[in-house]
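Numbered according to the working numbering, the sequence shown spans residues 726 to 1619. We put the CB at the ideal spot given by N, CA and C, even for glycine. Computed from a prediction, not measured in an experiment: that's the story for all the values here.
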Amino acid sequence: MTRPAAPILLLLATLLLAGPAAAATPKAAASAGASAPRAGGFRLPSDIRPTSEDVRLDLDPSKPDYAGSVSIRLTIANATKLVRLHAEDMTLAAIEFSSVGADGAPGPLIAVTAAPGEHGLLTLTAARRLKPGTYRLVIRFTNDFNAQATSLYRLKSGDDWYAFTQFEADDAREAFPCFDEPEFKIPWNVIVVAPVDHLVIGNTPIESESVEGGKKTVVFKTTKPLPSYLIALSSGSLETVPIEGLGVPGRVVTVKGQSQLALEAARITPMLVSALESYFGRPYPYEKLDLVAVPEFWPGAMENAGQITFADRVLLLDPAHASTQQRLSQASITAHELAHMWFGDLVTMRWWDDLWLNESFASWMGEKVTHQVFPEYGIELGLVTDTDEAMRTDGKLTTRAIRQPVNSMANLLQSADVLAYNKGETLLGMFEQWAGEELFRNGVRDYLAAHAWGNATASDLFAALSHSTGKDLGTPMSSFLDQAGLPLVSVEALPDGRVRLTQERFLPAGAVRQAPQVWQIPMTLKFDDGSGPREQNVLLTQTSQVFDLGVKKLDWIAPNGGAWGYYRWKLSSRAMALLADDAAKTLNARERMEYAYDARALLEVGALRADGYLQMLPRFLRDPEPLVVAAAMDGLEGIRDPLITPDLEEPFARYVRAAITPPVERFGRTARPGEAETVSLIRPRLLQSLADEGQDPGTRAFGDSVAAVMLKDPSAVDAGLYMPAVRIAGLSGNAELRDQFRTRFESAASPAMRRVWLEALGALRDPKLVQENLDYALSGPLKPQEIGSVARGVNSYPPNRDLTWNWMRKNYDTIMKRVPPMYAAFLPYYAGGCSQPRLAEAETFFAEPAHAAPGTAKELAKVAEGVNDCVELRAREGARVKAFLSGSGTAGVP
Ligand SMILES: [Zn+2]
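(1) Near Ser-756, which residues of its chain fall below 6 Å by C-beta distance, leaving aside the five closest residues on each side in sequence?
(2) With DSSP as the reference, label Trp-1159 as helix, strand or coil.
(3) Pull the bridge partners of Val-1606 from the DSSP assignment, please.
(4) Is it the case that the region 914-931 contacts the region 819-831, given that we only count it when at least three CB pairs across the two stretches are under 8 Å?
(5) Three or more C-beta pairs closer than 8 Å, one from the region 1460-1479 and one from the region 1035-1051: is that the case here?
(6) Run through DSSP, which three-state label would Pro-1371 get?
(7) Bridge partners for Leu-807 per DSSP, in chain order?
(8) Would the region 1166-1178 and the region 1068-1077 be scored as touching if the rule is three or more Cβ pairs under 8 Å?
(9) Taking only heavy atoms of ligand 1 into account, decide whether any of them is closer than 6 Å to the Cβ of Ala-1087.
(10) What span of residues does the beta strand (DSSP E) with Val-783 cover, start to end?
(11) How should Asp-1464 be labelled, buried or exposed, when 16 other C-beta atoms within 10 angstroms of its C-beta is the threshold for buried?
(12) Could you check which residue in Ser-999, Lys-856, Ala-987 and Thr-838 has the C-alpha nearest to that of Thr-850?
(13) Thinking Asp-1207 and Arg-1128 are a contact (beta carbons under 8 Å), I'd like their distance in whole angstroms, please.
(14) In whole angstroms, give me the CA-to-CA distance for Val-1276 and Asp-1254.
(15) From what residue to what residue does the alpha helix (DSSP H) around Pro-1409 run?
(16) Given the structure, does Met-1341 come close to ligand 1, in the sense that its CB is under 6 Å from one of the ligand's heavy atoms?
(17) Once you ignore the five residues that flank Arg-1452 on each side, which residues in its own chain have a CB closer than 6 Å to its CB?
(18) Would you kindly report the start and end of the unbroken alpha helix (DSSP H) that includes Ile-1540?
(19) Quick one, are the C-beta atoms of Ser-1269 and Thr-1227 less than 7 Å apart?
(20) Would you say Met-726 touches ligand 1, meaning its beta carbon is less than 6 Å from a heavy atom?
(21) In whole angstroms, give me the CA-to-CA distance for Val-1243 and Leu-1598.
(22) Straight-line CA distance for Thr-1151 to Ala-1450?
(23) Consult DSSP for Asp-895 and reduce its assignment to one of helix, strand or coil.
(24) Measuring CA to CA, which of Met-1301, Ala-1314, Gly-793 and Asp-896 is closest to Glu-813?
(25) Cβ of Glu-1084 versus every heavy atom of ligand 1: is any distance shorter than 6 Å?
(26) If Val-1329 and Ala-1288 are in contact, beta carbons under 8 Å, what's the gap, nearest whole angstrom?
(27) Taking the runs of the beta strand (DSSP E) that are 3 residues or longer, which of them lie wholly in the region 1200-1265?
(28) Please work out which residues of its chain come closer than 6 Å, Cβ to Cβ, to Arg-1410, disregarding the five sequence neighbours upstream and downstream, and give them in chain order.
(29) According to the neighbour-count rule (16 or more other Cβ atoms, all chains shown, within 10 Å of its Cβ), is Leu-951 buried or exposed?
(30) Can you tell me whether Trp-1178 is buried or exposed? The criterion is at least 16 other CB atoms within 10 Å of its CB, across all chains shown.
(31) Would you mind sorting Glu-1511 into buried or exposed? The rule is 16 or more other CB atoms within 10 Å of its CB.
(32) Please name the residue, chosen from Leu-1186, Trp-1482 and Ala-840, that lies closest to Leu-1462 on a Cα-to-Cα basis.
(33) The beta strand (DSSP E) with Gly-961 in it runs from where to where?
(34) Does the distance from the CB of Thr-1072 to the CB of Ala-1000 come in under 7 Å?
(35) Taking only three categories from DSSP, how would you classify Ser-1623?
(36) Hey, which unbroken runs of the beta strand (DSSP E) at 3 residues or more fall wholly within the region 874-918?
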C-alpha cells in the first residue's frame, strides 16, 4: 500500500479499527485447549488452517446490499470443538460444517453454533469434538456494501454504480467470512454474479462467463496462494486500455469516460516491470496485471495480486498537461506497488509485526527502479528528503521502535506510520551501501527463492542477506529496528589525524535523557588531508571510539559520506562552518542536502543558533542543484511557524526576497526548453514562497495572471504552474474567485484537475471565505478522502489555524460519519502548530469519551510534543531571529 500524500486523514488508509462492538463474546474460550487464539484473542490459533476458499458474491452495486456464500476447506491439527475465523458485521443466513473424506466427498453435517466476538472474530462451537482431519465450512450470508471506501464498497461515478474493494489490513472480514490473517495463504476460487453490462475484474483471468436471467456469472481462475488482504474485485461500466509489452496480459482500467487518461500508465508500466524482473531475477509472478483507477480510495494505491488499485488522481493523467510532480508520483507509486508483487505478495509477512518490512522494502525497491527507468526525476536525491522526514519523526520523544509486537488494533494502526515506510527504506539503503549492491541483491533473490508462495519474517531476510554478503547484518540492523529514536554522532578530529566518534540519542532540547542507547552504525567518513577527498567506512559499535583514517591531519571531514546513513551528526562549530563554506567543492548534491537538513535539526534541538542558521540558508538556496534548493526550502518554510511572529513578517519578507530571488531568476518563472525535470519540481515552491512569505508584488501579479488564464483554459498553461498559480491567487482571492474555483472543481474533467481546483479552495486566505470553504468541504460534492484537503491548505497559513480547529470541533460528528473510524485517531492534527492555548483546548476536547477514538491519545501526544517544541524554539531563538532580521534588513544574506 502507498500512504496518501498529505498529512491528516493521513497515514495509511484501511488499517480499520474494529467495527461496532459485537453483541456476543466467543463462548467457552477456556475449554478451547490447543486452539486458543494467540495474543489474547487478537490472533487466530495456528492449528486450524484453511487450505482453500471458494467465494461467490451476487453484486449489484446499485443496491445497498449484497448476498454471498463461502466454502472453506480447512484442516484441524488438534482435537477441538471450537473453530475460529472472521466475519464482521454481516448477517449469517446458514452455516454447514462437515468432515471431508479421503475421496474429497463431504461427510454428514456436524451441528455448530456461531458466536461473534471482537475484531470480527467468529467462533463456531461444534456439537461434538472434532478429530484432527480435513473439514468443509459453508456459510451463506447477506451484507451491506460499505459506503466509506473500505472493505467491499460501492460508489456512484457519473450515472453509474460501481463496486470496489480495499482489504488491507483487516477489512476482508467485513466483506465475506474468511481467515483474515496474512499467514493463511491459500488458493481462492472466486465467482461473481453481476449486472450483465458490468466488467468484473478479479485477481486472476476469467475462466468462464455465462448469462442467465439478465445477470452474468463470472468464474475466475483459481488464484495462486494468497492471503485475504490481497484479494480484490472491481465491477461496473469499466473501460480498459491494454498494456503492451508485458509477459502477461495487462490493462489499465478506469470508470466510464476516463480511459483516455490511462495511456501514460500503460506506457510506463512495462519498463518498471522489466526493471523489477531483472533485479529479482524472476518473472512477474501472476497470470495477468490490471491497474485500476478508483474514484474513491484512501491510500495512494494497493498491491492486490494481479489487480493493483489506485486513487484515480495517481494513476490517470493527461500526458500533455501533467506536471513533473504528477508524473513522478505516478511512476514511483506504480513501482512501489509492482515491487510488492514479489515482496509482499509472492512472499508475504507472517504477521503484521513485519508490515514495516513489507512497506519499507517496496518503497526502497520502488524508488530504486523508478530511478533506474526515469533518472531525470532525481530520485536518488529525493531519498535524502525521505530520510529526513523519518528522522524528524524519530527525533521526537513520542517516537517508537519501528519493529514492535502487533497484538491489538491500535498497534496495527500505528505500525504503518511514516517510520514504517521511510525509516525502513533508509535502513535498507544504508545496509545495501555497507554490504555492496550486488551481494545485497543476491540475498534478496535467495530470500524470494526460499519463501516463494509462502510467508517469511524479517529474520529470514536478514539471514539471507548476511549469508550472501558475508557480513552480520542482523545485529546492526536490530539496533535500529528495536530501539526508538536515532543516534546523534559527534565527530572530533584529533590533532594526530585520527577521529573520535561519540554517539548518543538525538533528542529534543531539554529532554531528560533516559538510559543510554547504543547503535551499531555503519558510517562513511569523507575527508581530506590535502591530497584529495577520500572515504572510509567504519562501524561505530561503542558509545565512543577512535578511528585511524591513515592520515596525519584532517583538513575537513564530512561524517555522512554519500548521505546514506540514518543518523544526525555534529562537528565543532568551526568545522561545521568550514564544511558549509566549501560545500560546493567538497560535498556532492546528496551530501549538501543532508547538510541543510542536519543544520535544521541541530537548530531545533539547540545545537545551532538561529542567526547562524539564517546566515547559512541562502547559501543552499543558491545551490546549482534544484533538489538541494528544495532541501533548503524545507528549512525556510519550517522557520515560519515557530520563529516568524507577526512583528517580523516585514523583515522576514525582505530576507525571503533576497534569498529566493536569485534562484527564481536562475530557473525562470516559466519552464525553459530543455530544462532539467528537477527544476520544475522546485519552481512551484520558489514562486509560492516568494509571493507568500516574500510578499513580492511581481510574483503575486504573475501568479494572479496565470490563474486568470487557467480559469479560461487550463490547457494554455504549463501544468507545472497550476498549483503555484492557484495558491498565489488565493492569497488575495475574493468571493468571485472562490466561486470560479468551486465551479471548476465541480465540473473538472480529470481527477488531476479536480485536485488542482480543490487545492485552490484551500488556498484562499480571507477568513470569511475560509469559513465558507470549510463548510463547503462537508456540504459540497466532495469524496470521503477529499474532505480534509481544504483544511490542510488553510493550515499552511498559521494565523488561520484556529479556523480549522474550530471547524473540526464543531463538525466532529459529521466528519466521523464520512470517514472510516481509523481516521478519527488523526483528528488531533488540527490542534497542531505553535499555540499552547489551542493545544489545551484539544486536550479537553479529546478527553471526552465521545471524542476518544482508539489511537487518539497517541496522536494527541505527538501533536502536543510538536506544539511544545515549537513554543520552546520560539522562546529560545526568537530574540536572535529578531536581531538578525531587523539588524539591517537583508543582513546575513551574503
Ligand atoms: Zn506498500
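Checking against the coordinates, here is how it stands:
(1) Working through the sequence shown from its first residue, we reach residue 756 at position 31. Bear in mind that a pLDDT of 33 at Ser-756, under 50, signals an unreliable position, so the number given afterwards is only what the model happens to contain. Within the same chain, Ser-756 has no close Cβ partners at all.
(2) Position 434 of the sequence shown, counted from the start, is the residue given in the question as residue 1159. Helix.
(3) Stepping through the sequence shown from its first residue, residue 1606 is reached at position 881. Bridge partners of Val-1606: none, in fact.
(4) With a cut-off of 8 Å, the region 914-931 and the region 819-831 do not count as touching, because too few Cβ pairs lie within range.
(5) yes
(6) Taking the first residue of the sequence shown as 1, we reach residue 1371 at position 646. Correct three-state label for Pro-1371: helix.
(7) Walking along the sequence shown from the start, residue 807 turns up at place 82. DSSP, once it has assigned bridges, lists Thr-850 as partnering Leu-807.
(8) yes
(9) Taking the sequence shown and counting its residues from 1, the one referred to as residue 1087 is at position 362. Look at Ala-1087: its beta carbon is less than 6 Å from one of the heavy atoms in ligand 1.
(10) Position 58 of the sequence shown, counted from the start, is the residue given in the question as residue 783. This sequence places Asp at residue 783; Val is not what is there. That run of the beta strand (DSSP E) goes 773-783.
(11) Here residue 1464 refers to the residue found at position 739 of the sequence shown. With fewer than 16 Cβ atoms within 10 Å of its Cβ, Asp-1464 is classed as exposed.
(12) Here residue 850 refers to the residue found at position 125 when the sequence shown is read from its first residue. Checked all of Ser-999, Lys-856, Ala-987 and Thr-838; the closest Cα to Thr-850 is Thr-838.
(13) As a position in the sequence shown, residue 1207 is number 482, starting the count at 1. As a position in the sequence shown, residue 1128 is number 403, starting the count at 1. About 6 Å; that satisfies the 8 Å criterion.
(14) What you label residue 1276 is simply residue 551 of the sequence shown in a count that begins at 1. What you label residue 1254 is simply residue 529 of the sequence shown in a count that begins at 1. Cα to Cα, Val-1276 sits roughly 7 Å from Asp-1254.
(15) Position 684 of the sequence shown, counted from the first residue, corresponds to residue 1409. 1402-1416 is the extent of the alpha helix (DSSP H) around Pro-1409.
(16) Residue 1341 sits at position 616 when you count from the first residue of the sequence shown. Checking every heavy atom of ligand 1 against the Cβ of Met-1341, none is found closer than 6 Å.
(17) As a working mapping, residue 1452 is identified with position 727 in the sequence shown. The answer, listed in chain order, is Gln-1413 and Ala-1488.
(18) Translated into the one-based positions of the sequence shown, residue 1540 becomes position 815. Here the alpha helix (DSSP H) through Ile-1540 covers 1537-1543.
(19) The count along the sequence shown starts at 1 and reaches residue 1269 at position 544. The count along the sequence shown starts at 1 and reaches residue 1227 at position 502. It is a contact, given that the beta carbons lie within the stated cut-off.
(20) For the purposes of this step, residue 726 is taken as residue 1 along the sequence shown, with counting starting at 1. Result yes, Cβ under 6 Å from ligand 1.
(21) The residue labelled residue 1243 in the question sits at position 518 within the sequence shown. The residue labelled residue 1598 in the question sits at position 873 within the sequence shown. Between Val-1243 and Leu-1598, the C-alpha separation is close to 27 Å.
(22) Here residue 1151 refers to the residue found at position 426 of the sequence shown. Here residue 1450 refers to the residue found at position 725 of the sequence shown. Distance between the alpha carbons of Thr-1151 and Ala-1450: 34 Å.
(23) Counted from its first residue, the sequence shown places residue 895 at position 170. Three-state result, Asp-895: coil.
(24) Taking the sequence shown and counting its residues from 1, one reaches residue 813 at position 88. It is Asp-896.
(25) Along the sequence shown, read from residue 1 onward, the residue named residue 1084 stands at position 359. Yes, Cβ of Glu-1084 sits closer than 6 Å to a heavy atom of ligand 1.
(26) Position 604 of the sequence shown, counting from 1, holds the residue named residue 1329. Position 563 of the sequence shown, counting from 1, holds the residue named residue 1288. Correcting the residue identity first, residue 1329 is Glu in this sequence and not Val. That belief does not hold up - the Cβ atoms of Glu-1329 and Ala-1288 are roughly 19 Å apart, past 8 Å.
(27) Correct list: 1212-1218, 1224-1230, 1246-1253 and 1259-1265.
(28) Along the sequence shown, read from residue 1 onward, the residue named residue 1410 stands at position 685. Met-1358.
(29) Locating residue 951 in the sequence shown gives position 226, where the first residue counts as 1. Under this definition Leu-951 is a buried residue.
(30) Residue 1178 sits at position 453 when you count from the first residue of the sequence shown. With a 10 Å radius around the Cβ and a threshold of 16 neighbouring Cβ atoms, Trp-1178 comes out exposed.
(31) Taking the sequence shown and counting its residues from 1, one reaches residue 1511 at position 786. Result: buried.
(32) By one-based count along the sequence shown, residue 1462 stands at place 737. Among Leu-1186, Trp-1482 and Ala-840, the Cα nearest to that of Leu-1462 is on Trp-1482.
(33) Here residue 961 refers to the residue found at position 236 of the sequence shown. Run containing Gly-961: 959-961, per the beta strand (DSSP E) assignment.
(34) Looking up residue 1072 in the sequence shown gives position 347. Looking up residue 1000 in the sequence shown gives position 275. Reading the sequence as shown, one finds Val at residue 1072 and not Thr. No. Outside cutoff.
(35) The chain is shown from 726 up to 1619; residue 1623 falls before or after that span and cannot be answered.
(36) Within the region 874-918, the complete beta strand (DSSP E) runs of at least 3 residues are 876-882 and 885-891.
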